[in-house]
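The structure appears right after this line, and notes come after that.
There are 2 protein chains.
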Amino acid sequence: MSVPPSSAAWIAVDWGTTHLRAWAMDTAGAVSAAASSDDGMGRLSRDGFEPALLALIDGWLAPDRVTPVVVCGMAGSRQGWVEALYRGVPCTPLDSGGFASAPCRDPRLQVRIIPGLKQATPADVMRGEETQIAGFLAGDPEFDGVLCLPGTHSKWVRISAGEVVSFQTFMTGEMFALLADHSVLRHSVTTEGWDDAAFAAALDDALSRPDRIAARLFTLRAETLLQGLAPEAARARLSGALIGIELAAARPYWLGQAVAIIGAKGIGAAYATALGRQGAAPRLLEGDPLTLAGLSAAQASLKEPAR
Amino acid sequence: MSVPPSSAAWIAVDWGTTHLRAWAMDTAGAVSAAASSDDGMGRLSRDGFEPALLALIDGWLAPDRVTPVVVCGMAGSRQGWVEALYRGVPCTPLDSGGFASAPCRDPRLQVRIIPGLKQATPADVMRGEETQIAGFLAGDPEFDGVLCLPGTHSKWVRISAGEVVSFQTFMTGEMFALLADHSVLRHSVTTEGWDDAAFAAALDDALSRPDRIAARLFTLRAETLLQGLAPEAARARLSGALIGIELAAARPYWLGQAVAIIGAKGIGAAYATALGRQGAAPRLLEGDPLTLAGLSAAQASLKEPAR
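Chains as they are written, first to last, in numbering that gives the first Met the number 0: chain A, 0 to 306; chain B, 0 to 306.
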């Protein structure tokens, strides 16, 4: 999609492994146009990033001046456009001193890439989520608690005094996709459909006996064969079991804490339901607006005078 | 591979999802020839089974008489040649009364397929392993204890008085393959190589805190990025973590029991090491000879007079 605007004041970019999304921003900080493509980091060689970006944003560039472009996500990884070295926690989610400048042939472009965050013990990394966290904190600078960012690689992030204190990553979304689409369970699990009661039961079971996860998965297949388990119920139970063991291992993060969930509607609601069953009362926020808020905070930090 | 024999007294067949293996047996019960192909159940339609079998065994068939063929494995599943209905435990691993006859056009063939076993609660199924179990019991009919059959779908099987009392399936091998080959961990894990100490440490950690499995996996990726984790160590740790949570959930099976492991050399040894660290002293047996012993027991049961 692309809506031709007048030239942009600056351009915000979220560059993930599989998708590239860009927004033309006006001088008032509003979105004047948006565009996206499948040119994710995963399919690009180092020389391919600038052309892939220009294919989306060329029409937004003024011919006679440099337009700032601020990028978050996997474009800053070692296999990306240029490596933006991880910053170590505890730290603020953004620091303009750490942004990496991407080499550009086109003189109209000035591209800066936001680095991810790293943690030494237990070893962990994030890249992209730090920008959503910055967007969240731009709207709630005094927040003291825990952010949960569910997805392919879910993150639990402890926030205090405007800094990321610690975090932990869970491969829950990727495990679900592999098991539902590529394991023997693909014969038992629908690609769509849901069963709230089955989700809740599997979640509670996994939370109370997470050590039995390895025994639970094949049961879905056997119940399909022997008892005609409904594929919607199988899907919800697989999700409940995997989110359940994530919540069990993440308990030190969420127990007794203020929790906000940042994510797409469906998965965010599933996590909110799950945490609600444990007595937590999480706030639920959409991720995309926070990505844009974080990129705006990054751009604003670049315009501040050096301190 | 194929070695032309004189005509076979009977033919033993192990027909899995991905492979087809056949042995020509002489009147003394010895193997006189062996052949195999990639015509597993997964790539065949119902009409494809007889031609796939004949492609391997045609040269072993006498022209003027019927040759019995005994088949175990997925050829008896609902998607197979003909469905051999599961028998419910507790029961002996084999009962010739339950064998399914496969429809054949070639008059030289008489094909019988061994059914798998099912368990109502918790729901579980096996297909193929019952034949290895029968082969094991043929050599040790008084065995009272637990059999562990590691593999794509590991089975733990309680045996008493010549019967399968109960069993449980774990998707450990399939999870390992999905995570090692198709998840983000594929960038961290070698396809070969091993690190005994890393395996042992990950195993002990998973056994003592199985509830933390969801937190452990992404750590492998992060340690690769931040600390240069050796890919052999990452592979061994992934294996140790997954086998560890299997052993944790299977503890009611192996704790205080006589255990025998039936499996291929590499994976069997890994399970033996793992159980040994927990104070168990399992016997270790190769699976292939037991498959053949089980098929021989099945063929012998067909020749017994009806009781």
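For each residue, glycine too, the CB sits at the ideal point set by N, CA and C.
| Query | Result |
| --- | --- |
| Contacts around THR223(B), its chain only, beta-carbon distance under 8 Å, and the 5 residues preceding and following it disregarded | HIS186, SER187, PRO230, ALA233 |
| Exposure label - SER44(B); buried when at least 16 CB within 10 Å | exposed |
| Residues near VAL258(B) in its chain [Cβ-Cβ closer than 7 Å; skip 5 each side] | GLY144, VAL145, CYS147, LEU274, ALA279, PRO281 |
| According to DSSP, residues forming a beta bridge with PHE166(B) | VAL156(B) |
| Selected residue, minimal CA-CA separation from LEU301(A), among THR66(A), ASP46(A), ILE56(A), ALA32(A) | THR66(A) |
| For GLY87(A): DSSP bridge partner residues | LYS117(A) |
| Enclosing alpha helix (DSSP H) for ALA33(B) [first to last residue] | Per DSSP, ALA33(B) belongs to no alpha helix (DSSP H); it is in the beta strand (DSSP E), 30-36. |
| Rounded straight-line distance, which links the Cα of GLY227(B) to that of VAL183(A) | 34 Å |
| Local Cβ density within 10 Å of THR120(A), reported as buried at 16 or more and exposed below that | exposed |
| C-beta atoms of PRO114(A) and ALA99(A) nearer than 8 Å | yes |
| CB contact below 8 Å: THR171(A) versus chain B | yes |
| Proximity test, Cβ basis, 8 Å: PRO74(B) and chain A | Reading off the sequence, residue 74(B) comes out as Ala, not Pro. For ALA74(B), the answer is no, since every Cβ of chain A falls outside 8 Å of its Cβ. |
| Residues near ARG20(A) by beta carbon distance below 6 Å, same chain, minus five either side | ASP13, SER35 |
| TRP59(A), DSSP secondary structure in three states | helix |
| Contacts that PRO121(A) makes with chain B (C-beta to C-beta distance below 8 Å) | ALA214, THR218, ALA221 |
| Neighbourhood of ALA296(B) by C-beta, 7 Å cutoff - its chain only, sequence neighbours within 5 removed | LEU93, ALA133, GLY134, ALA137 |
| SER295(B) in three-state terms, based on DSSP | helix |
| Nearest candidate by alpha-carbon position, reference GLY293(B), set GLY58(B), SER5(B), ALA247(B), GLU128(B) | GLU128(B) |
| Chain B within 8 Å of VAL124(A), Cβ atoms only | yes |
| Test: ASP139(B) CB closer than 8 Å to a CB of chain A | no |
| Cα-Cα separation between LEU60(A) and GLN298(A), rounded to whole angstroms | 17 Å |
| Spatially closest choice to TRP63(A) from ILE260(A), LEU55(A), GLY97(A), ALA7(A), by CA coordinates | Strictly speaking, residue 63(A) in this sequence is Asp, with Trp absent from that position. When only C-alpha atoms are compared, the closest one is ALA7(A). |
| Residues from the stretch 175-205 of chain A in contact with chain B, defined by Cβ distance under 7 Å | LEU177, HIS181, SER182, VAL183 |
| Short-range partners of chain B found in the stretch 158-170 of chain A, where Cβ spacing is below 8 Å | GLN167, THR168, PHE169, MET170 |
| Where GLN226(B) meets chain A, residues with beta-carbon distance less than 8 Å | ALA122 |
| Listed by chain order, chain B residues near GLU129(A) by CB distance under 8 Å | Those within 8 Å of GLU129(A) in chain B number zero; the least Cβ separation is about 15 Å. |
| Euclidean distance between Cα positions of LEU52(A) and GLY79(A) | 13 Å |
| Proximity test, Cβ basis, 8 Å: ASP210(A) and chain B | yes |
| Secondary structure of SER359(B), DSSP reduced to three states | In the structure as shown, chain B begins at 0 and stops at 306. Residue 359(B) is therefore absent and cannot be evaluated. |
| Contacts that ILE244(A) makes with chain B (C-beta to C-beta distance below 8 Å) | ASP210, ILE212, ALA213 |
| Delimiting residues of the alpha helix (DSSP H) encompassing ASP139(A) | No alpha helix (DSSP H) holds ASP139(A); DSSP gives it neither H nor E. |
| Validate contact between the stretch 159-167 of chain A and the stretch 82-97 of chain A using beta carbons, cut 8 Å, 3 pairs | yes |
| LEU108(A), DSSP secondary structure in three states | strand |
| ASP194(B) and ALA235(B) closer than 8 Å at C-beta | yes |
| Reduced DSSP secondary structure (H/G/I, E/B, other) of ALA11(B) | strand |
| ASP123(B) versus LYS154(B), ALA199(B), ALA33(B), ILE112(B), residue with shortest Cα-Cα distance | LYS154(B) |
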